[in-house]
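Residue numbers (this note's numbering), protein chains in the order written: chain A, 5 to 332; chain B, 303 to 584.
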Amino acid sequence: MFVLPSCHEIEEWDQDIEGNFNALWKVVDEHYCFFDEKGVDWNEVYSRYHARLSSDMRGLEFFNLCAQMLDELQDGHVNLSSSFKTSYYRKWWSDYPQNYDERLVEQYYLRFDYSTVGGIDYAVLRDNVGYIRYPSFSYPVGHSAMDAILSQFALCKGIIIDIRNNGGGDMTNVEVITSHFINRRILAGSISHKTGPGHNDFSEPYPYYFDPVGEERVRWIKPVVVLVNRSTFSAANNFVSVMQYLPNVRIVGATTGGGSGMPFSSEIPCGWGVRMSACPVYDAQGKTTEKGIDPSENCAVDLDPVLALSGIDTMLDFAVGKILSDDF
Amino acid sequence: MRLFIVIICLIMNVALWASEDDKTLRPVAAAYTLEVGSSHLSDTYLTPLKYGGQSFALGYERMQAMRFSPERWVMQLTGRLELNRALNPAHNATMWDLGLELQWGMMRRWSVDGVSGLQLYAGGATTLDVGALYLSRNGNNPVSAKAAWTVGLTGAAVYNFKISRLPVCLRYQPVLPVTGAFFSPDYGELYYEIYLGNRDNLAHAAWFGNYFRLNNLLTADLRLGSTNLRLGYRGDILSTKENNIVTRRITHTLIIGVSGEWLSLPRSGRISSNAKIISSVY
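Okay, structure coming up:
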């Protein structure tokens, strides 16, 4: 009699369609972090989608309805996962030019002759420009690998870090790579989190800093171009948000895809998993990058699909030209 | 801090009285146990759903009359390694809970007039509890770390009797933490942010409103010879609410183990005929 009243309450939902719908809506309501930035009235969304519920819905039909509701958030970090399907909001990149052709780079620039270490491909391009291609921040990167790569570029005038189509991964890899391009401690950005279930319950942004690698390692202080496209997302977007403020770095290409909210996972009674942006990360000037980061001034460039047929990557050529130019 | 000072004073007193008390022997009652049962886990940092499954634990217990007043005071040291495995309602996700608990307590005991073999104990206990919940399906928030240090009340009723010619020691002991400190991340805070250096709002003072735990232990030591067979039941409930995060761990386990009393002989290897043996429970 003494024990049971002492347990703290945990909300429970029914296992039916209604219960699972309410659970999904509430989990997102209490943890999602970009309602205001996206201009989403989540209560209105509830009303609209709840009206479409019916108790005799089948699994896939109900899943698709829930996925459509989550798409209202317009967020690439939001997914609903079941044993038969995972929802994914794609318009953040599908409505934009892809600006990347891997085969084009492999065949006409790397000539299928490049080195790979720790998930990073690298080679020296024409005109003595170093080229690094990092397809995913999920690939672990070590300082020794970065030392080896940058040592190969010792005689190059500058390097290109191509993170087009890099959809993100592990944020700690951002720190590892960036630490080779700075000479002093820098403010990398700030991070906030929900302090409660209310839409405006956020902590004060907590600033975080990156330190340079030790002097026994290789630091690169010559020109760097970070080559990006709309599919540069999440941790890759975060990498751009840090690198954009370094004096020897230019961001070249198209506006990145954003995805600055670190995702949080949850689930609903039927066992489907839910993932959503929960912790907003800001750049060093306190700006959100959820909707993407623009290229540096006069560095916006797209891939010309016609010239691509002739083996020309106009974005990569622009990046090479930028490094070779006197007004970098 | 006050309790800590009291404990230090008592230990110092032990050293002072030791030389006066050479003819008092205080056997150590120790037990090694295995526990198997059910678990009910909830942690709204990881999931809003309640998980249910199995509970396993290995335990060690050591009780001994205290040197400074062996007739009246008893100390108890326990250690438990607990593993809980639980499934969500849809049975498609598994949560693991691994915890280590160390507890030290000291109790005053009384014999009950008119009831032979019955002793009542009351005192305090301090507990260190560390561990983690792991939910593999979660991406950036797969783990919920646990750490708590508490000070609380404990007591026991011990009844030594016989079933036919078999001596039995029946014991019921609840432990109720009253205050202390425990760890909790903020509502939606990722451990990555803690890794980056944000240590704000992680340690919390514990009280009944945000940290409730009650551990009920019932054991029966069947004194078969020099070694006893221990059978028992443990009902352990932990419920916390801090930073809008609710956690709950309820386990019911059956206990089986061995127990016995061990006596360290004096350097001479002989026990004085005048020696008085004071057991902690038997």
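Virtual Cβ for every residue (Gly too), placed ideally from N, Cα, C.
Inter-residue spacing [alpha-carbon to alpha-carbon] between residue i and residue j
{"i": "residue 323 of chain B", "j": "residue 369 of chain B", "result": "Low per-residue confidence applies at residue 323 of chain B: pLDDT is 48, beneath 50, and the placement is therefore not dependable, though the value from the model is reported in the following sentence. The alpha-carbon atoms of residue 323 of chain B and residue 369 of chain B are separated by roughly 8 angstroms."}
{"i": "residue 282 of chain A", "j": "residue 298 of chain A", "result": "23 angstroms"}
{"i": "residue 404 of chain B", "j": "residue 430 of chain B", "result": "5 angstroms"}
{"i": "residue 188 of chain A", "j": "residue 173 of chain A", "result": "25 angstroms"}
{"i": "residue 529 of chain B", "j": "residue 456 of chain B", "result": "26 angstroms"}
{"i": "residue 313 of chain A", "j": "residue 127 of chain A", "result": "23 angstroms"}
{"i": "residue 98 of chain A", "j": "residue 233 of chain A", "result": "12 angstroms"}
{"i": "residue 419 of chain B", "j": "residue 413 of chain B", "result": "8 angstroms"}
{"i": "residue 263 of chain A", "j": "residue 395 of chain B", "result": "27 angstroms"}
{"i": "residue 350 of chain B", "j": "residue 101 of chain A", "result": "40 angstroms"}
{"i": "residue 152 of chain A", "j": "residue 74 of chain A", "result": "44 angstroms"}
{"i": "residue 49 of chain A", "j": "residue 544 of chain B", "result": "30 angstroms"}
{"i": "residue 95 of chain A", "j": "residue 78 of chain A", "result": "8 angstroms"}
{"i": "residue 562 of chain B", "j": "residue 332 of chain B", "result": "6 angstroms"}
{"i": "residue 83 of chain A", "j": "residue 492 of chain B", "result": "18 angstroms"}
{"i": "residue 18 of chain A", "j": "residue 316 of chain A", "result": "58 angstroms"}
{"i": "residue 191 of chain A", "j": "residue 296 of chain A", "result": "20 angstroms"}
{"i": "residue 522 of chain B", "j": "residue 374 of chain B", "result": "22 angstroms"}
{"i": "residue 329 of chain A", "j": "residue 321 of chain A", "result": "12 angstroms"}
{"i": "residue 466 of chain B", "j": "residue 377 of chain B", "result": "31 angstroms"}
{"i": "residue 177 of chain A", "j": "residue 147 of chain A", "result": "10 angstroms"}
{"i": "residue 131 of chain A", "j": "residue 159 of chain A", "result": "11 angstroms"}
{"i": "residue 13 of chain A", "j": "residue 23 of chain A", "result": "18 angstroms"}
{"i": "residue 566 of chain B", "j": "residue 408 of chain B", "result": "21 angstroms"}
{"i": "residue 134 of chain A", "j": "residue 301 of chain A", "result": "22 angstroms"}
{"i": "residue 353 of chain B", "j": "residue 385 of chain B", "result": "14 angstroms"}
beta-carbon residue i near the ligand PLP non-hydrogen atom, thresh 8 angstroms
{"i": "residue 481 of chain B", "result": "Annotation note on the ligand PLP: not contained in the displayed structure, which lists no ligands."}
Three-way DSSP call (helix, strand, coil) for residue i in this model
{"i": "residue 46 of chain A", "result": "helix"}
{"i": "residue 309 of chain A", "result": "helix"}
{"i": "residue 15 of chain A", "result": "coil"}
{"i": "residue 415 of chain B", "result": "coil"}
{"i": "residue 263 of chain A", "result": "coil"}
{"i": "residue 323 of chain B", "result": "Note that residue 323 of chain B scores a pLDDT of 48, beneath 50, so its modelled location is shaky; the value from the coordinates is reported in the next line. In this structure, residue 323 of chain B counts as helix in the three-state DSSP scheme."}
{"i": "residue 246 of chain A", "result": "helix"}
{"i": "residue 66 of chain A", "result": "helix"}
{"i": "residue 333 of chain A", "result": "Chain A is shown from 5 up to 332; residue 333 of chain A falls before or after that span and cannot be answered."}
{"i": "residue 149 of chain A", "result": "helix"}
{"i": "residue 51 of chain A", "result": "helix"}
{"i": "residue 318 of chain A", "result": "helix"}
{"i": "residue 395 of chain B", "result": "coil"}
{"i": "residue 493 of chain B", "result": "helix"}
{"i": "residue 549 of chain B", "result": "strand"}
{"i": "residue 375 of chain B", "result": "strand"}
{"i": "residue 460 of chain B", "result": "strand"}
{"i": "residue 226 of chain A", "result": "coil"}
{"i": "residue 513 of chain B", "result": "strand"}
Counted within 10 angstroms of its Cβ, other Cβ atoms place residue i as buried (16 or more) or exposed
{"i": "residue 324 of chain A", "result": "buried"}
{"i": "residue 582 of chain B", "result": "buried"}
{"i": "residue 124 of chain A", "result": "buried"}
{"i": "residue 346 of chain B", "result": "buried"}
{"i": "residue 424 of chain B", "result": "exposed"}
{"i": "residue 428 of chain B", "result": "buried"}
{"i": "residue 311 of chain A", "result": "exposed"}
{"i": "residue 81 of chain A", "result": "buried"}
{"i": "residue 495 of chain B", "result": "buried"}
{"i": "residue 358 of chain A", "result": "Any property of residue 358 of chain A remains undetermined from this structure, which presents chain A solely from 5 to 332."}
{"i": "residue 141 of chain A", "result": "buried"}
{"i": "residue 111 of chain A", "result": "exposed"}
Under 9 angstroms (Cβ pairs) to chain B, residues found in the segment 261 to 279 of chain A: Residues passing the 9 angstroms Cβ filter: 266, 267, 268, 269, 270, 271, 272, 273, 274, 275, 276, 277 and 279.
Any 3 or more C-beta pairs closer than 8 angstroms across the segment 504 to 517 of chain B and the segment 479 to 492 of chain B: Verdict: yes, contact present.
Cβ-based contacts, 7 angstroms cut-off: residues of the segment 147 to 166 of chain A near chain B: none
Stretch-stretch touch, CB-based, cutoff 8 angstroms, three pairs: the segment 460 to 467 of chain B with the segment 157 to 175 of chain A: no
Positions along the segment 198 to 211 of chain A whose CB lies within less than 8 angstroms of some CB in chain B: 198, 199, 200, 201, 205, 207 and 210
Interface positions of the segment 69 to 99 of chain A facing chain B (Cβ-Cβ less than 8 angstroms), listed along the chain: 87
Residues within the segment 325 to 350 of chain B neighbouring chain A, beta-carbon criterion of under 7 angstroms: When C-beta distances to chain A are compared with 7 angstroms, the residues of the segment 325 to 350 of chain B below that value are 344, 346, 349 and 350, in chain order.
Sufficient close CB pairs (3 or more, under 8 angstroms) joining the segment 208 to 223 of chain A to the segment 178 to 195 of chain A: Yes: at least three Cβ pairs fall under 8 angstroms.
Touch test, the segment 441 to 456 of chain B against the segment 264 to 276 of chain A, Cβ-Cβ under 8 angstroms, three pairs minimum: yes
Cβ contact (3+ pairs, closer than 8 angstroms) linking the segment 521 to 541 of chain B and the segment 235 to 246 of chain A: no
Interface residues of the segment 397 to 415 of chain B facing chain A [CB-CB below 8 angstroms]: none
The segment 246 to 260 of chain A / the segment 47 to 66 of chain A touching (three or more Cβ pairs under 8 angstroms): no
Touching by the beta-carbon criterion (3+ pairs, under 8 angstroms), the segment 22 to 41 of chain A and the segment 275 to 294 of chain A: yes
Cβ-based contacts, 9 angstroms cut-off: residues of the segment 533 to 545 of chain B near chain A: Cβ contacts with chain A: 537, 539, 541, 542, 543 and 545.
contact_flag[the segment 103 to 114 of chain A, the segment 195 to 202 of chain A] where n(CB pairs < 8 angstroms) is 3 or more: no
Near-chain B residues of the segment 164 to 188 of chain A - C-beta to any C-beta below 7 angstroms: Per Cβ criterion, the list reads 175.
Three CB pairs or more closer than 8 angstroms across the segment 549 to 556 of chain B and the segment 338 to 345 of chain B: Counting Cβ pairs under 8 angstroms, three or more are found: they touch.
Near-chain A residues of the segment 419 to 443 of chain B (beta-carbon distance less than 9 angstroms), N- to C-terminal order: 437, 439, 440, 441, 442 and 443
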